[in-house]
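Worksheet: one structure, shown below.
Residue numbers (the numbering used here), protein chains in the order written: chain F, 2 to 308; chain Y, 445 to 804; chain E, 45 to 557.
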C-alpha cells in the first residue's frame, strides 16, 4: 500500500510539472489584469519547438529555452490585441489557441513518429537517492521538476516582497492609480503576458522532451485550459498553484493506475476535465464568499484618456 | 529595461461608426488575414499562391466543391446561428463542439433504438432529441454560472472534452457495431433514420431548410421580441438589466440552451445526413463548434448573416481538405485559418470603433 | 493675506493651451500662471475645462497646442512620470488608490530607487511626513479600512513622498464632511507656509472664498478672469462662472403631506465587502413629501437604495410599499408596484450603446400595449418615446441615436422621463444633478419640486448639502450605515447637518416626523 502511494506521488510530481510552469506564468499575466485564454496554444507551440530544437541541437536545455522564447513571442499577439488594440480578451485568447494548434500541427508534421535521441537525466545522488522512500520521493526527478519547484517560492517572493511585484499587483488591481504614479501600465502588462507565454512554452516543452519524449499533434490535450482553471484555483498565488498542479498530476497518474482495473480508458480520460469543473465550482464559490483573489482589473481594458 | 519602448499608438474613440465603415473594415480585415496566412505559409515552406488557388478551387471552383461547401456549411450555420444569440447576451458559450457531439449521440441513440419507426416520426424525434441533448449540455455551464458564478468559458470548454470522451466511450464500448469489422463505429442507421440528400451530393437539404428558418426565427427573436430586448440589454449592460428588473439567470439559461440546442441540431445533421452512424469525434466534426464561433463573429452576431459566413467558412474547410491532400498537410492547418481570421476580424472591429494613429 | 503673494515668483505658466476631444473643445486657448506659495483656485462649471487643464499639467493628456513652463523652464510633460520629476503631484477627485493594498504599499508604488521594498524606511518616512503636516494615517492600514478623508490624506502623502512642491487637488472637498474640510484647509495652509504651491479645482464658490489666495475662472474652455480672492465676492464669481446672474432660489409650495407610501423598518444590509453597511434604518416617506438623505459618500446610502430597489438582499427588517411587503420581492415586482429610481451612476441605469428609444422603455417594455402580439409593437413604442422626448425636452438628433452620445443633462432627462413615465407613487433620486451644469440643475430641481407638489413621494439621496437643503422637507443624515438624525431644513443649519454627517451629536437628537 505505501509502495503504491509512494509510486503515485513520485509519478504525480512530473505529471503536474507542465501544469505548474503554465499556471505560474498565467498567475503573473492575470495579476497584471490580462486574461490569456491562449495558454493551450502557447503550450503546444512550446511543445513542438522544444522537441524540434532539442532534436536538431541535441541539447534539451536549448530546446526548452527556445520553447520558452517561442511561447513568449507568441503571447505578444494576444498582448498586442488585448492591450494595444483593446479587443475582447476572451475572443483574442481563443484565437491564439486556435492559431497555436494549427501552426504546431504544420511545423510538427515532419517530426511525427521520430523518437528523441537525447534524454533529460534524472537527478541521482548516490546515497540520498537510494534512501528508502524519501530518496525516491525527493531526489530522483529530472532538473526541470526542481526548476519548477524552485520557481514557486521565488515567484511568490517577487510578487509580495519586491517593488516589481508591488507594481504588477497594483496594475492588476487599479491601473489608473499605478498610471498616476508614473508606472507604465501597458509595459507592465506586456511583460507579464510575455512572461506567461514564456512559462507556458516551457511547460509545453516539458511534455514533448521530458514527460513523453515525442511529438504528437495536439499533445497538450487540454492542459492549457486546466492551467487557466488552476490559476483561478490558486487564487492568483504561486504557492497555491503548486498544490493544484500536483493534484492534477495525481489525477493523471490515477488514470493510468485505474486502467488495469477494467475501467474504460475513455471514462478515465474525463476525470481531469470533471475535476476541473469541480475545482472551478469550489474556488468560485469560495472567491465569492471571501471576496478575495481576483485581481480587480482582470479583463478590464485600461486607457488613460478614457477616464 | 528602461529603454524598452512599445511603439506608441494613439487610439481615439469614434463615437458612431457608419455601416459602410463596418463593412469596409470587415473586408479589409479579411484581406489582411489572408496576406498574413500567405506569409505564414511561405515561411513554413508552402507556396501560398498554389495553396490559395487550391483552396479556392477546392471549395468554390467546381460543382462538386460547391456542394461539399454547402454540406459543410450546414453544421456551421446551425451552430453559428445559435452562438449569435448567446454572444449577444454576452454569454460566452465556447462549447458548441461538445453540444454538437451530444446532439449526435442522442440522435444516434434514437436511430439505433427505434430503427423500425417510419421516417416521418423517427427523423423529427432525432432532431428534437438532438436539440434537447445539446441544450442540456449547454445548460450545465449556465446553471454553474447562475448558481455558483463559475465562468462559463472554461466550463463549456471542459464539457467539450467530456463529450469527446463520451463519444469515444460509446463507439469503442457499448455501441460498437458488431458488423463494422473492428472499426470504432456504431452500426449504420436504418434508411428511416437517414436525412434525404439532393441527388448524389451530400447536401441533406431538410437540415438546410431548418437552418434558414431558425436563422430568421432567431433574428426576429433578438430584434423584435420582448425576450430579445432583454437579451440585448443584458449583453450590453447587465447592471442595467438587473436594475430594470430583468432576470439575468433566466436569460443565461435561455441563451445557453438555445445555442446548445442549435449545436445539437448540427450534430444530428452530421450523423443522420452525412455518416449515417456515430464515429470517432474528429470524424463527425473537424471542429465545427469552434469554427462556428468565427461564423458568428464574422456575421457581427447577426443570425441571418451567419448563413453567408457559414458558407464562406464551409468553403474554407473544403479547400483546406483539398490542400491537405495535395500538399500532405495535417488537418490542423484549418486552425491556422480560424485563428488568423478571428484575430483580424476582432482587430478590424476596433478599427471601426477607434481611429488609430501611430507615433514613432 | 498670504506673504508669498507679494514676491510673485511664478512656478507654473500655461499659455494658449488647446485640447480637443472628438466633438468637444475642452480647452480653447487657456492661460494660467500660478505663484509660488499660493493657493490658487480653478473655478468653473462642470465641463468648463478645469480638470482637462490640470490633467495636461500632470501629463495625463497632452495639449494639442500651447506651451508650459515650470519653475521658469519650458517643459514637455508627456506622462505623469514627467510631471512627478518636475515636482508636480495631483490628487484626483476619485482617489487612485489600490484598495486591497496598505497605505505604505500605495505610497511607495512606482518608486524605483530599490528593488526590494524597504518597508521599514518607507514607514518611517510616512510617519515623519504625517507628523510634520498633521496628516494622521497608519502606514500599515489597508485602504479599504479608511474613510474618504483618510484616503485623501494618503493621496497627499503619495505626492509629498515623491517630493512634489506643486500640488493639484481636483474637487478635494466633494467627499469630505465640513469638519474634514477644515482639517484639509489647515494642512494646506501649513504647506504653503513651507513654500508648497496648491492648485485646486472646484465649482463651489464658498470654497474659493475660504481657501484661495487667487482664483482663475474658466467658462466653456476659456479663461474668463484671474483675480485676487480678497478683492472679489461670491456674486461676482458666480456671474463670471456662469456668464449670467444666478440666484438659486427654489420656489417650493407648502407641503401637502399625504399617507405613508414607503416604509423602511429596522433595515440592515451588507456592503460589497460583506460588512454591515446599513444598520437598523427606519424611515417613512409620505406622499407629497421629499425626504432627503444626507451623508458623506460611503456611509450606506448606496446600499440602502439598492436594498429598497431590490438589488441587494436585506439581512433584517422590512420594506413596505403602499402596504405591500416588498422585502423579498424581485426588482420587477417593485417596479410594477410603483417604485421609480434614478440611479446615482447614470450608466448603471442606462444601456449606453442602445438607442434613446430602447433606453426610454427599459422599465416599461412589459406594458401590454407594447406587447399586443408575439412581437413588440414598434408603432406604439415610437409614439410613447416621441411623447417623452417632447414632454421632457430631451435634446437628441433622433430617437434612434445611441444614448451615450447625448450630453449629461440630456441623459439625466432620459432617466427622469423613463422613471416618471409610469407615474410611480415613489421616486428615488440618487445624486440627480451630480456633474451637471447650472441650467440642467435648475431644470431638474424644478422638475423634482413639481413632482413633489403633484403628490409623489420623493426619496432624495445627495452628497450636495445645498441640494438637500433646497429640495427636502425632512432630512435624514446617515453616518456609518445608521440614520443619526432627522431634521427639518428650515430649523437647522448646514453646519449642524455637517456635524451629524461626521457622526457628532448636535445636541437636539429629537427626530422629526
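Idealized CB from N, CA, C, for every residue including glycine.
ask   = According to a CB-to-CB cut-off of less than 9 Å, which residues of the region 115-144 of chain E neighbour chain F?
value = 123, 124, 125, 126, 127, 128, 129, 134, 136, 138, 139, 140, 141, 142, 143 and 144
query = Listing by chain order, which chain F residues have their CB less than 8 Å from the CB of residue 777(Y)?
reply = Identification of chain F residues near residue 777(Y) by a Cβ-Cβ cut-off of 8 Å yields 103, 106 and 107, ordered along the chain.
query = Can you find a CB in chain F that lies within less than 7 Å of the CB of residue 154(E)?
reply = It does; some Cβ of chain F falls within 7 Å.
task = My understanding is that residue 710(Y) touches residue 544(Y), with C-beta atoms under 8 Å, so please give their C-beta distance in whole angstroms.
result = About 5 Å separates the two Cβ atoms, so the contact holds.
inquiry  = Counting only C-beta atoms, is residue 174(F) closer than 7 Å to chain E at any point?
reply    = Judged by the 7 Å Cβ criterion, residue 174(F) is in contact with chain E.
key: Identity of the residue in 94(F), 187(F) and 151(F) nearest residue 242(F) by Cα   = Residue 242(F) has its Cα closest to that of 151(F), out of 94(F), 187(F) and 151(F).
query = On the three-state DSSP scale, how would you describe residue 791(Y)?
reply = Three-state DSSP puts residue 791(Y) in a helix.
query = Is any beta-carbon of chain F found at less than 7 Å from that of residue 104(E)?
reply = yes
inquiry  = Less than 7 Å between the C-beta atoms of residue 183(E) and residue 148(E), yes or no?
reply    = yes
request  = Would you mind sorting residue 25(F) into buried or exposed? The rule is 16 or more other CB atoms within 10 Å of its CB.
outcome  = Residue 25(F) should be labelled buried.
query = Cβ of residue 680(Y) less than 7 Å from any chain E Cβ?
reply = yes
ask   = Considering only residues of the same chain and omitting the five flanking positions on each side of residue 369(E), which have a CB-CB separation below 8 Å?
value = 362 and 363
inquiry  = Shorter than 6 Å, the distance from the beta carbon of residue 85(F) to the closest heavy atom of the ligand SAH, or not?
reply    = This structure simply doesn't include the ligand SAH, nor any ligand for that matter.
ask   = Going straight from the alpha carbon of residue 201(F) to that of residue 531(Y), what length do you get?
value = 28 Å
query = Beta carbon of residue 245(F), beta carbon of residue 235(F): below 7 Å?
reply = Going by C-beta atoms, residue 245(F) is nearer than 7 Å to residue 235(F).
Whole-angstrom C-beta distance between residue 335(E) and residue 327(E), which should lie under 8 Å = 7 Å
task = Please list the partners that residue 793(Y) has in chain F, where partner means a Cβ-to-Cβ separation under 8 Å.
result = 88
ask   = With burial defined as no fewer than 16 other Cβ atoms inside 10 Å of the residue's Cβ, what is the status of residue 308(E): buried or exposed?
value = buried
query = Is there contact here, the region 379-395 of chain E with the region 474-484 of chain E, by at least three beta-carbon pairs under 8 Å?
reply = yes
key: Whether residue 272(F) touches residue 776(Y) by CB criterion (7 Å)   = Against a cut-off of 7 Å, the Cβ pair of residue 776(Y) and residue 272(F) comes out as no contact.
message = Less than 6 Å between C-beta atoms, sequence neighbours within five positions excluded: which residues of the same chain meet that for residue 515(Y)?
response = 646 and 647
message = I'd like to know if residue 149(E) contacts chain F, where contact means its C-beta is closer than 7 Å to some C-beta of that chain.
response = For residue 149(E), the closest Cβ of chain F is nearer than 7 Å.
request  = Have a look at the DSSP bridge pairing and note the partners of residue 633(Y).
outcome  = Looking at the DSSP assignment, residue 633(Y) forms no beta bridge with any residue, so it has no partner.
message = Restricting to runs no shorter than 3 residues, where is the beta strand (DSSP E) found entirely within the region 332-415 of chain E?
response = 334-338, 360-365 and 383-386
inquiry  = Counting only Cβ pairs nearer than 9 Å, list the residues of chain F close to residue 773(Y).
reply    = 106, 107 and 110
key: is_contact[residue 531(Y), chain E] using C-beta, thresh 7 Å   = No - not a single Cβ of chain E is within 7 Å of the one on residue 531(Y).
message = Would residue 47(F) and residue 206(F) be called neighbours here (beta carbons separated by less than 7 Å)?
response = It is a contact, given that the beta carbons lie within the stated cut-off.
message = residue 544(E) and residue 521(E) - do their beta-carbons sit closer together than 7 Å?
response = It is a contact, given that the beta carbons lie within the stated cut-off.
key: Rounded separation between residue 260(F) and residue 117(F) - CA only   = 27 Å
ask   = What span of residues does the alpha helix (DSSP H) with residue 585(Y) cover, start to end?
value = 563-592
inquiry  = For residue 804(Y) and residue 539(E), I'd like the C-alpha separation in whole angstroms.
reply    = Its pLDDT being 40, under 50, residue 804(Y) is placed unreliably by the model, and the measurement read from it follows with that caveat. Cα atoms of residue 804(Y) and residue 539(E): separation of roughly 56 Å, rounded to the nearest angstrom.
key: Close Cβ partners of residue 286(E) (< 8 Å) along its chain, the five nearest in sequence each way excluded   = The residues are 89, 263 and 482.
ask   = Name the chain E residues that come within less than 7 Å of residue 183(F), Cβ to Cβ?
value = 123, 124, 125, 128 and 154
key: Extent of the continuous beta strand (DSSP E) to which residue 300(E) belongs   = Neither: residue 300(E) is in no beta strand (DSSP E) and is coded neither H nor E.
request  = Taking C-beta pairs closer than 7 Å, name the residues in chain E that residue 805(Y) reaches, listed in chain order.
outcome  = Residue 805(Y) is absent from the model: chain Y starts at 445 and stops at 804.
ask   = Who pairs with residue 133(E) in a beta bridge, going by DSSP?
value = 211(E)
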